[in-house]
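Trainee: Before we start, here is the structure in question, set down as structure tokens.
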Amino acid sequence: MPTKATQSPGTGKSLLIVESPSKVKTIAGYLGDAYEVESSMGHIRDLPQPSELPAELKKGPYGKFAVDVEHGFEPYYVVNPDKKKKVTELRRKLKDADALYLATDGDREGEAIAWHLLEVLKPKVPVYRLTFPEITREAIERAFGELRELDQDLVDAQETRRILDRLYGYEISPVLWRKIASGLSAGRVQSVATRLVVERERQRMAFVPADYWDLSGTFARTDGEDAGTAFSARLSSVDGKRVAGGRDFGDDGVLKGAVDKLAHLDEQAARELAAGLEDAAFTVRSLETKPYTRRPAAPFTTSTLQQEAARKLRFTSRTTMQVAQKLYENGYITYMRTDSVALSDQAVTAARRQATELYGADFVPGSPRLYSSKSKNAQEAHEAVRPAGDSFRTPNQVRGELSADAYRLYELIWKRTVASQMADAKGSTATVRLGATSSTGRDAEFSASGTVITFRGFLAAYEEGRDEDPATDKDGGKDGDKRLPRMAEGDRLDATDVEADGHRTSPPPRYTEASLVKVLDELGIGRPSTYAAVISTIMDRGYVRVRGSALIPSWTAFSVVRLLEEHFSDYVDYDFTAEMEEGLDRIARGEEDSTDWLQDFYFGSQGHENGLKPIVDDLGEIDARAVNSIPVTEDITLRVGKFGPYLEVAGTLDPETGELTDPVRANVPEDLAPDELTPDKARELIETGKADGRELGRDPVTGRTIVAKDGRYGPYVTEVIPEPTAEELAAQPVEYYKNGKPKPPKKPVKEKPRTGSLLSTMTLQDVTLEDALKILSLPRTLGTDAEGNEITVQNGRFGPYLKKGGDSRSLQSEEQLFTVTLDEALKIYAQPKQRGRGSAKPPLADLGTDQITERPMVIKDGRFGPYITDGETNVTVPRGETVEQITPARASQLLAEKRAQGPAPKKTARSSAKGTTKTGTKKSTAKKPAAAKPARAGSKG
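Numbering of the sequence shown is given in numbering that gives the first Met the number 0, commencing with residue 0 and proceeding in unit increments.
So, in structure tokens, the structure goes:
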């Protein structure tokens with residue numbers, strides 16, 4: 000690709016192509032009439048599904064993956080069906096242009112899109128490559144001064160990643176289908192992310208809590224300056240031994256480290272010590288003061304932006320990336336997919352200038368702060384995520400232009416960027432140790448710390464959030480800005496409220512989206528720009544669900560992870576996965592050949608390293624039952640079945656008959672987290688399972704048997720409809736063909752049995768025939784209103800309600816199902832309907848006010864299931880989450896995510912696509928308007 004055109008850029012009509020249509024108007028406004036700005040709408044080509052290949056290729060080398068693994072891993076590309084019209088439009092406009100500018104994003108995906116455009120459009124005019132790190136006039140002008148060639152190494156890295164993921168998913172996923180369940184998938188990053196969540200749940204399941212006690216008290220000087228000013232302190236040592244805290248216990252509940260140097264107090268010892276210190280004389284034993292300095296955090300990378308937005312704004316990763324994408328496209332922030340923490344000179348100047356204007360010269364250090372990234376590649380972008388422009392707009396200046404979500408995210412980015420160039424926070428931290436001897440002769444020493452911020456520095460603009468740490472939180476953690484009274488060694492102190500406090504260690508906290516993103520980034524697994532999609536995928540696949548902000552794995556995830564650990568251990572190994580990412584980075588830097596790297600990954604290297612194909616070919620027999628079984632107790636096993644998880648107790652030998660009894664099974668409630676399935680809970684569920692199928696008696700009206708059963712969604716009662724007898728079958732009317740011959744007798748349509756869920760006051764073990772007949776009597780007709788409309792009372796998924804045509808009204812209690820009268824129902828219907836379209840169906844839950852939009856949030860029962868709404872935005876309650884589990888914070892997240900998606904695009908009919916192999920395009924460098932790149936040995940050109 001020439002860096003200089005045969006004529007001056009912009010002298011005629013030039014075509015400039017970006018990825019997103021959202022950028023087009025803004026960029027066109029900056030460039031003027033000399034340029035026609037168009038969007039590719041993202042990728043225009045991709046690997047097709049093998050089923051979409053032309054018939055002549057389905058049985059050839061491309062048939063399995065749409066990649067020829069036997070001949071240099073050549074991919075077969077097709078123009079996406081919904082992009083054919085766009086490609087035709089771009090070709091038409093290119094005919095009238097005197098130059099082509101490829102201005103797709105500056106990362107690997109953007110470089111690959113530019114390459115695909117070059118291959119498909121086959122331009123005959125000069126071609127230029129440029130990138131816009133931000134959509135501002137200054138950035139666009141600078142970009143035209145920095146025209147460059149297409150970076151073929153980045154293209155190779157993206158293509159290698161695409162082929163790698165195709166090989167990984169298409170080889171391993173079918174194993175999951177055969178051994179666990181259809182519809183599952185494996186992925187290079189998603190499987191590792193799932194393993195992290197499962198491993199954390201395993202730790203919680205194996206966790207043994209430990210109890211420990213200490214003392215707290217309130218103290219004050221008896222005389223002198225600050226006399227009477229109280230402060231709190233906590234017991235730190237007894238008889239010279241440090242008091243054991245939460246951090247001193249392992250996950251097995253046993254003290255770790257130098258146990259002989261620790262004092263582990265139980266309740267009795269703690270209470271005796273507290274009693275012995277009631278009248279003790281406390282004195283200050285030591286006072287230490289140290290200077291306190293705190294430095295600002297670096298500007299945002301993609302990963303840290305997702306983490307902080309989750310902590311402070313309660314955004315999901317997907318919401319953060321969607322909102323950030325819109326901010327970038329509309330010129331408010333720089334490109335949001337980056338691993339770099341560096342700022343350009345212009346950004347540093349802008350941040351320092353704004354900090355000076357807003358907070359004063361004292362809040363800005365004498366020289367700029369420089370930050371360096373740990374990543375070798377820094378996502379091929381040159382800057383951190385920051386406000387756009389050579390001078391920043393304050394949040395107040397853009398508030399009227401942005402949505403609520405966009406404003407909050409812009410404010411977060413602005414604060415972090417400005418704070419990164421501000422002075423350190425300064426202060427002092429004082430630690431006091433005070434002690435006394437109890438009436439029983441035991442020496443007790445208490446300690447307290449206080450930090451006083453004397454100069455806020457960057458804290459005036461921004462303070463970084465932090466993730467939950469049970470040990471720190473329970474043991475007190477870091478004290479905030481807390482001043483201790485003036486004291487000196489030897490001062491006497493009055494003690495009040497010296498009390499014994501009991502504590503219990505907590506299991507490791509479940510991952511949240513923020514903490515999962517953090518650990519993936521720290522391990523070097525995947526790219527931060529893909530984390531949002533990865534987390535969405537593992538939720539959509541049913542591997543993980545959300546409770547509050549915690550990520551809880553499903554039992555299916557346990558089976559998937561176990562199979563992968565036992566048979567594909569490398570491919571869910573953290574170091575191996577990180578090394579794959581580093582391999583892609585080496586390809587992007589031009590340090591490794593992509594074909595050789597794929598050869599090693601798939602076929603193995605020189606016979607001493609197994610590749611993926613030899614492992615799949617030599618899998619051997621996988622015991623599906625073992626993979627899907629998890630022991631809960633010695634005799635109770637959890638099994639992952641086709642219709643969900645269930646508990647099973649194996650059949651036993653009947654001592655009287657010598658026959659093996661049937662196993663006892665019990666469904667596991669969908670909302671029960673794995674670590675909540677304790678042995679006691681399992682035994683309780685098994686007792687319920689023993690009652691499954693219990694015959695309650697016969698309906699005196701129909702004569703049918705009534706049984707109580709345990710279903711996936713809870714216990715219920717139903718009637719058993721007998722199979723038709725031979726006489727009934729023979730009595731059916733005979734149908735004939737046109738030729739007069741009788742048709743085979745049809746199997747009669749089976750009558751649907753009456754079924755009803757147990758009321759909340761009933762259990763499967765105790766429900767009676769009388770109870771069941773009352774349940775099966777529903778719905779109950781109460782009568783009609785003045786217009787002749789029938790009113791019934793029914794029990795629904797979300798409780799009892801009245802129904803009149805399409806108008807439903809909730810009842811207050813289940814008892815009303817059998818007691819409410821027509822007059823009472825008419826009074827309820829006489830009340831005003833709720834506002835909204837259609838019937839005035841009552842909300843299933845009231846979630847209060849959304850902190851983002853300040854609109855009321857409720858959950859309603861819609862045609863396709865329950866959904867959350869704030870009156871303007873609707874979002875379906877995700878699969879795997881119940882109405883009861885949706886918290887106000889979770890609802891706010893889901894609504895924000897839906898708002899960030901914008902309106903749904905119109906569907907385009909799929910059509911067959913003519914494909915192109917990479918061999919026939921990428922090697923034809925002579926036809927490109929770009930300068931030919933020398934081919935490496937074994938490369939694809």
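From the three backbone atoms N, C-alpha and C, an ideal C-beta is built for every residue, glycine too.
Just so we're clear, the structure is a prediction, and the values are computed from it rather than from any experiment.
(1) Can you give me the C-alpha to C-alpha distance between Glu-512 and Thr-103, rounded to a whole angstrom?
(2) Taking the Cβ atom as the reference point for each residue, do Glu-498 and Leu-781 lie within a distance shorter than 8 Å?
(3) Are at least three pairs of beta-carbons, each pair with one atom in the segment 37 to 51 and one in the segment 77 to 93, less than 8 Å apart?
(4) Pop quiz: Ala-424 and Gly-456 are said to be a contact at Cβ under 8 Å. What is the actual Cβ separation, rounded to whole angstroms?
(5) Report yes if the C-beta distance between Val-363 and Met-320 is below 8 Å; otherwise report no.
(6) Just how far apart, CA to CA, sit His-115 and Val-322?
(7) Pull up the distance between the alpha-carbon of Lys-897 and that of Leu-163, whole angstroms please.
(8) Roughly how many angstroms lie between the CA atoms of Glu-145 and Pro-855, to the nearest whole one?
(9) Taking buried to mean at least 16 other C-beta atoms within 10 Å of its own C-beta, is Ser-593 buried or exposed?
(10) For the alpha helix (DSSP H) holding Gln-420, just list the boundary residues, first then last.
(11) What residues match up with Glu-694 in a beta bridge as DSSP calls it?
(12) Roughly how many angstroms lie between the CA atoms of Glu-521 and Thr-303, to the nearest whole one?
(13) In whole angstroms, what separates the C-alpha of Arg-432 from that of Ala-890?
(14) How do the segment 553 to 564 and the segment 175 to 194 stand: do at least 3 beta-carbon pairs fall below 8 Å, yes or no?
(15) What residue range does the beta strand (DSSP E) around Ala-447 cover?
(16) For Ser-19, which residues from the same chain have a beta carbon less than 8 Å from its beta carbon, with the 5 sequence-adjacent residues on both sides left out?
(17) Report back the beta-carbon spacing between Gly-275 and Arg-441 to the nearest angstrom; my notes put them in contact at under 8 Å.
(18) Tell me the rounded alpha-carbon separation between Ala-156 and Lys-641.
(19) Please determine if the segment 311 to 319 and the segment 347 to 357 are in contact, where contact requires at least 3 C-beta pairs separated by less than 8 Å.
(20) Name the DSSP bridge partner or partners of Met-856?
(21) Which residues in the same chain have their Cβ closer than 6 Å to the Cβ of Glu-750, if we skip the five residues on either side of it in sequence?
(22) Which value, in whole angstroms, describes the spacing of the CA atoms of Ser-756 and Pro-668?
(23) Would you kindly check if the distance between the Cβ of Thr-416 and the Cβ of Pro-386 is under 8 Å?
(24) Going by DSSP, what residue range makes up the alpha helix (DSSP H) through Tyr-601?
(25) To the nearest angstrom, how far is the alpha carbon of Ala-308 from that of Ala-341?
(26) So, under 8 Å CB-CB, Ala-383 and Thr-300 are touching, yes? Tell me the CB distance rounded to an integer number of Å.
(27) So what's Ser-372 in DSSP terms, helix, strand or just coil?
(28) Cα separation between Glu-158 and Tyr-370?
(29) In three-state DSSP terms, what is Ser-558?
(30) Please state whether the Cβ-Cβ distance between Thr-874 and Ile-885 is less than 8 Å.
(31) Would you mind stating whether Arg-187 and Ala-531 have Cβ atoms separated by less than 8 Å?
(32) Please find out if some non-hydrogen atom of the ligand SAM comes closer than 7 Å to the beta-carbon of Leu-214.
(33) Give the straight-line distance between the Cα atoms of Val-516 and Ala-888, rounded to the nearest whole angstrom.
(34) Report the three-state DSSP secondary structure of Phe-567 (helix, strand or coil).
(35) Given a threshold of 16 other Cβ atoms within 10 Å of its Cβ, counted over all protein chains shown, does Lys-921 qualify as buried or as exposed?
(36) Closest by CA to Ser-809, which one among Ala-142, Arg-147, Asn-794?
Mentor: Based on what the coordinates show:
(1) Along the sequence shown, read from residue 1 onward, the residue named residue 512 stands at position 513. Along the sequence shown, read from residue 1 onward, the residue named residue 103 stands at position 104. Each residue's alpha carbon lies about 29 Å from the other.
(2) Looking up residue 498 in the sequence shown gives position 499. Looking up residue 781 in the sequence shown gives position 782. Cβ atoms of Glu-498 and Leu-781: not closer than 8 Å.
(3) yes
(4) Working through the sequence shown from its first residue, we reach residue 424 at position 425. Working through the sequence shown from its first residue, we reach residue 456 at position 457. Between Gly-456 and Ala-424 the Cβ distance is about 4 Å, and since that is below 8 Å, they are a contact.
(5) By one-based count along the sequence shown, residue 363 stands at place 364. By one-based count along the sequence shown, residue 320 stands at place 321. No.
(6) Numbered from its first residue, the sequence shown carries residue 115 at position 116. Numbered from its first residue, the sequence shown carries residue 322 at position 323. In a straight line, the C-alpha of His-115 is about 27 Å away from that of Val-322.
(7) Against the sequence shown, residue 897 aligns to sequence position 898. Against the sequence shown, residue 163 aligns to sequence position 164. The alpha-carbon atoms of Lys-897 and Leu-163 are separated by roughly 31 Å.
(8) By 1-based counting over the sequence shown, the position of residue 145 is 146. By 1-based counting over the sequence shown, the position of residue 855 is 856. Between Glu-145 and Pro-855, the C-alpha separation is close to 50 Å.
(9) Locating residue 593 in the sequence shown gives position 594, counting from the first residue. Buried: at least 16 other Cβ atoms inside 10 Å.
(10) Taking the sequence shown and counting its residues from 1, the one referred to as residue 420 is at position 421. Per DSSP, Gln-420 belongs to no alpha helix (DSSP H) and is neither H nor E.
(11) Reading the sequence shown from its first residue, position 695 is the one you call residue 694. DSSP output for Glu-694 lists Val-706 as bridge partner(s).
(12) The residue you call residue 521 lines up with position 522 of the sequence shown. The residue you call residue 303 lines up with position 304 of the sequence shown. Their Cα atoms are separated by approximately 11 Å.
(13) Looking up residue 432 in the sequence shown gives position 433. Looking up residue 890 in the sequence shown gives position 891. Distance between the alpha carbons of Arg-432 and Ala-890: 47 Å.
(14) yes
(15) By one-based count along the sequence shown, residue 447 stands at place 448. Element bounds for Ala-447: 442 to 454.
(16) Residue mapping note: residue 19 aligns to position 20 of the sequence shown, counting from 1. Excluding positions up to five away in sequence, the list reads Ser-38, Met-40, Gly-41, Gln-324, Glu-328.
(17) Position 276 of the sequence shown, counted from the start, is the residue given in the question as residue 275. Position 442 of the sequence shown, counted from the start, is the residue given in the question as residue 441. That belief holds up - the Cβ atoms of Gly-275 and Arg-441 are roughly 7 Å apart, short of 8 Å.
(18) Locating residue 156 in the sequence shown gives position 157, where the first residue counts as 1. Locating residue 641 in the sequence shown gives position 642, where the first residue counts as 1. Between Ala-156 and Lys-641, the C-alpha separation is close to 39 Å.
(19) no
(20) What you label residue 856 is simply residue 857 of the sequence shown in a count that begins at 1. Looking at the DSSP assignment, Met-856 forms a beta bridge with Gly-847.
(21) Translated into the one-based positions of the sequence shown, residue 750 becomes position 751. Answer for Glu-750: Ile-720, listed in chain order.
(22) Within the sequence shown, the letter at position 757 stands for residue 756. Within the sequence shown, the letter at position 669 stands for residue 668. The alpha-carbon atoms of Ser-756 and Pro-668 are separated by roughly 15 Å.
(23) As a position in the sequence shown, residue 386 is number 387, starting the count at 1. As a position in the sequence shown, residue 416 is number 417, starting the count at 1. Yes, the pair counts as a contact, with Cβ atoms nearer than the cut-off.
(24) Translated into positions along the sequence shown, residue 601 becomes position 602. First-last of the alpha helix (DSSP H) with Tyr-601: 593 to 602.
(25) In the sequence shown, residue 308 corresponds to position 309, counting from 1. In the sequence shown, residue 341 corresponds to position 342, counting from 1. Answer to the nearest angstrom: the Cα atoms are 20 Å apart.
(26) By one-based count along the sequence shown, residue 383 stands at place 384. By one-based count along the sequence shown, residue 300 stands at place 301. Indeed, because the Cβ distance is near 6 Å, the residues count as touching under 8 Å.
(27) Here the question's residue 372 lines up with position 373 in the sequence shown. It is coil, neither helix nor strand.
(28) Start at 1 with the first residue of the sequence shown, and residue 158 comes out as number 159. Start at 1 with the first residue of the sequence shown, and residue 370 comes out as number 371. Their backbone Cα atoms lie some 31 Å apart in a straight line.
(29) Here residue 558 corresponds to residue number 559 of the sequence shown, with the count starting at 1. Three-state result, Ser-558: helix.
(30) Position 875 of the sequence shown holds residue 874. Position 886 of the sequence shown holds residue 885. Here the sequence assigns Val to residue 874, which means Thr is not the residue at that position. In this structure, Ile-885 does not lie closer than 8 Å to Val-874 by Cβ.
(31) The sequence position of residue 187 within the sequence shown is 188, counting from 1. The sequence position of residue 531 within the sequence shown is 532, counting from 1. No, the Cβ-Cβ distance between Arg-187 and Ala-531 is not below 8 Å.
(32) This structure does not include the ligand SAM; it has no bound ligands of any sort.
(33) Locating residue 516 in the sequence shown gives position 517, counting from the first residue. Locating residue 888 in the sequence shown gives position 889, counting from the first residue. Their backbone Cα atoms lie some 19 Å apart in a straight line.
(34) Against the sequence shown, residue 567 aligns to sequence position 568. Here Phe-567 sits in coil by DSSP.
(35) On the sequence shown, position 922 is the one that residue 921 refers to. With a pLDDT of only 42 at Lys-921, under 50, the local geometry of the prediction cannot be trusted, and the value read off the model is given with reservation. Buried, because 16 or more other Cβ atoms sit within 10 Å of the Cβ of Lys-921.
(36) Along the sequence shown, read from residue 1 onward, the residue named residue 809 stands at position 810. Checking every option, the nearest Cα to that of Ser-809 belongs to Asn-794.
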